[in-house]
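Novice: Just so you know, full-length UniProt numbering puts 87 at position 87 of the sequence shown, and the rest follows in order with no gaps. Glycine included, every Cβ here is placed at the ideal spot set by N, Cα and C.
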Amino acid sequence: MIFSTTPLSPVALDLGPLEIHWYGIIIAAGMLLGFYLADREANRRGLPEGMFMDLMFYIIIFSIIGARLYYVIFQWEYYSSNPIDIIMINEGGMAIHGGLIGGALAGFIFCRVKGYSFFRIADIAAPSLILGQAIGRWGNFMNQEAHGGEVTRGFLESLRLPEFIINQMYIDGAYYHPTFLYESLWNLLGFVILLMLRPKLKVGQTILLYLIFYSAGRFFIEGMRTDSLMIGDVLRTAQVISILLIVLAAAVWIYREMKYDLPKYGSVQGIYGPGGAEAARGKRKQAGQTVKKKQGHKKGKNRKKGR
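Laid out in structure tokens, this is it:
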């Protein structure tokens, strides 16, 4: 039997000197959908309308810089000789862990400035974040990257995969494990689990559960990949980071559980950070006093006119 092995083109639109890649389109689509869902949830929880859309600008910039910088650092031998390629992010070469670090930094700064609880906002964003990652892995699929070791076509057919996925996993004369798909499905499962458990969890536990769940799956799937970023010639960077995140998230979970009387996610508490609630009440009080002063001033004018 003759099989078609023609892969899908990674280029969505060719404008001559400018090529728009599916990778960038898919990553952007995942981000936008994630922010849209998070913004709706934030509105349901009483946060200011459009808050997540304001936050989106900063997170996107910091996430892209973090994801690219992380990748470049661990591939410095290549990029030190090809510095112009550092800015060619539309062709791939983004590390999720770097994006998480950059996005978390942007979110933390935003929450500190606005007076919101970082954990409260992170809980709202967690399901959207892992859904965006599930979508984003299909950008790797279009680039024929983030795959595993060699397998047979028969193995891929035994997984009941669509023909277009099997064809895309045919690279340089061999078929490969679709590890992008494994991680995408794992993240999709995580999205469902986080949505189901979030109402029952306390403030801060949804984002910590996300870190534990995602990192556990990433650790095992990363072991199957052939294009991992490495520390030396032995350690896979993503596996090391995944273990550290699991330990850190578990430690923070236990510490917060022992030290604080944490409210449930659905509680009205936890929206503002340290001093944020007092600041918000102060602003409302000040606004009320201003209104009273204006009303008193108007009454004074009316009394003068009556005289």
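Could you give the first and the last residue of the continuous alpha helix (DSSP H) run that contains Glu145?
Specialist: Unbroken run through Glu145: none, as it is neither H nor E.
Novice: Whose CA, out of Arg137, Trp138, Ala174, lies closest to the CA of Gly154?
Specialist: Ranking Arg137, Trp138, Ala174 by Cα distance to Gly154 puts Ala174 first.
Novice: Is Met169 helix, strand or coil when you go by DSSP?
Specialist: coil
Novice: With DSSP run on the structure shown, which of helix, strand or coil describes Val252?
Specialist: helix
Novice: How many Å lie between Pro178 and Thr5 at the Cα?
Specialist: 15 angstroms
Novice: Which term fits Gly50, buried or exposed, when burial requires 16 or more other beta carbons within 10 angstroms of its beta carbon?
Specialist: exposed
Novice: Could you compute how far the alpha carbon of Gly16 sits from the alpha carbon of Glu145?
Specialist: 24 angstroms
Novice: Out of curiosity, what's the CA-to-CA distance linking Lys259 and Leu209?
Specialist: 18 angstroms
Novice: Given Gly148, which residues of its chain have a CB within under 7 angstroms of its CB, disregarding the five upstream and five downstream residues?
Specialist: Cβ neighbours of Gly148 within its own chain (closer than 7 angstroms, five residues either side excluded): Tyr176, His177, Thr179, Met224, Arg225, Thr226.
Novice: Tyr70 lies in the alpha helix (DSSP H); which residues open and close that run?
Specialist: Tyr70 -> alpha helix (DSSP H) spans 51-74.
Novice: According to DSSP, Tyr36 sits in a beta bridge with which residue or residues?
Specialist: Paired residues: none, contrary to the question.
Novice: Which residue spans inside the stretch 198-258 form an unbroken beta strand (DSSP E) run of at least 3?
Specialist: none
Novice: Using a Cβ-Cβ cutoff of less than 8 angstroms, which residues in the same chain neighbour Cys111 once the five nearest sequence positions on both sides are dropped?
Specialist: Ser117, Phe118, Ile121, Gly273
Novice: Is DSSP giving Asp261 helix, strand or coil here?
Specialist: The DSSP-derived three-state label of Asp261 is coil.
Novice: In angstroms, rounded to a whole number, what distance separates the CA positions of Leu156 and Gly99?
Specialist: 31 angstroms
Novice: Mind the definition here: the stretch 183-190 touches the stretch 58-74 only if three or more C-beta pairs lie below 8 angstroms; say whether that holds.
Specialist: The answer is no - the stretch 58-74 does not touch the stretch 183-190, with fewer than three Cβ pairs under 8 angstroms.
Novice: Give me whichever residues DSSP pairs with Glu19 in a beta bridge.
Specialist: Answer is Asp14, bridged to Glu19.
Novice: Do you know offhand how far Leu197's Cα is from Pro127's?
Specialist: 11 angstroms
Novice: In three-state terms, what does DSSP make of Ala106?
Specialist: helix
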